[in-house]
Every structure is written in C-alpha cells, then in structure tokens.
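Trainee: Residue numbers (this note's numbering): -1 to 148.
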C-alpha cells in the first residue's frame, strides 16, 4: 500500500495507526529511504503511541536502543546505517524474536531480517510531502496491515 503524507501531522497520525495495529504483536518493521525522509521522526511518534515515555532518538552511533512499551513489552530501535558492508552476524535475533523492532536502513542488514516483516520505503517529496510504500512480507505482517486503514 502507498501512504501519502503531506505534513508532520500526517506522519504522526500514520505512526499512531501503525502502533495501534502492531500493539501486542511480535513484528519487525524495516525502513529504507532517503536521509532525512522522516524515518526517525516516524519512529519517535510510533514509540510514543506505544506508550514509551523515554526520549526516542536515532541510535546511529550506538546502533541499537531498547525501550519498554506501555504494556511492558520490549521495543527495539536499530539504525543499521553504519553497518553497510558488514557481513558478520550481529546477534539481532533476540531483538527480532520479542516485542516490536524498528530497523532503519534495513537494506544494510537485509540477510538478517526475518522473512515475515513490514517493509517501509520512504521517498521525499517537496517540502513536507512523503510517500511511504508499505509491504507485508508474510502472514503476521499481512494480518497487521489488514487491520490498518491509512
């Protein structure tokens, strides 16, 4: 599905709808797209909608940050930007096997991503316009997206 975002408020509403659909599920959300396309901003609103009270910022240098959702389930935020070209297994399986995990720049660690995930491709437009292509890659992700009307 394609989601057209024309403002920061649209991005926030999209994040909130996705959080409602993902809450209570074990799912990985991958994000790729232009630098500055809104991936981290979306993740901040997504996390807030999941009940995370801590400040969510990009883990570009730490690569991984862990949070706790309002329901007590884990939320993992990975930024794989600095992992381009690294071939070794980095042990993200634990993050993928519990709670919700958002992976920015997922294409850099594509071979480690579970088969069943929600893939988001972000494209910048003019000013605040963004187009996000959202794809389900398996039965769990498909069921989650079917519960989301964007």
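For glycine and all other residues, C-beta sits at the position ideal for the given N, C-alpha and C.
Can you tell me the Cα-Cα spacing of residue 92 and residue 68, whole angstroms?
Mentor: Looking at the two C-alpha atoms, the distance is approximately 20 Å.
Trainee: Identify, in the order they occur along the chain, each residue of the same chain with its Cβ nearer than 6 Å to the Cβ of residue 76, setting aside the five sequence neighbours on each side.
Mentor: Excluding residues within five positions, the ones whose Cβ falls inside 6 Å are 62, 101.
Trainee: Closest to residue 33 by C-alpha separation, out of 58, 96, 112, 139, would be which residue?
Mentor: Ranking 58, 96, 112, 139 by Cα distance to residue 33 puts 58 first.
Trainee: Around the Cβ of residue 5, are there at least 16 other Cβ atoms within 10 angstroms (buried) or fewer (exposed)?
Mentor: So residue 5 ends up on the exposed side.
Trainee: What is the C-beta distance between residue 116 and residue 25, in whole angstroms, given that I count them as a contact (C-beta under 8 Å)?
Mentor: Indeed they touch by this definition, with Cβ atoms about 6 Å apart.
Trainee: To the nearest angstrom, report how far apart residue 10 and residue 0 are at their CA atoms.
Mentor: Computed Cα separation, rounded: 16 Å.
Trainee: Rounded to whole angstroms, how far is the Cβ of residue 35 from the Cβ of residue 128, which I believe are closer than 8 Å?
Mentor: Yes, they are in contact, since the Cβ atoms of residue 35 and residue 128 sit about 6 Å apart, within 8 Å.
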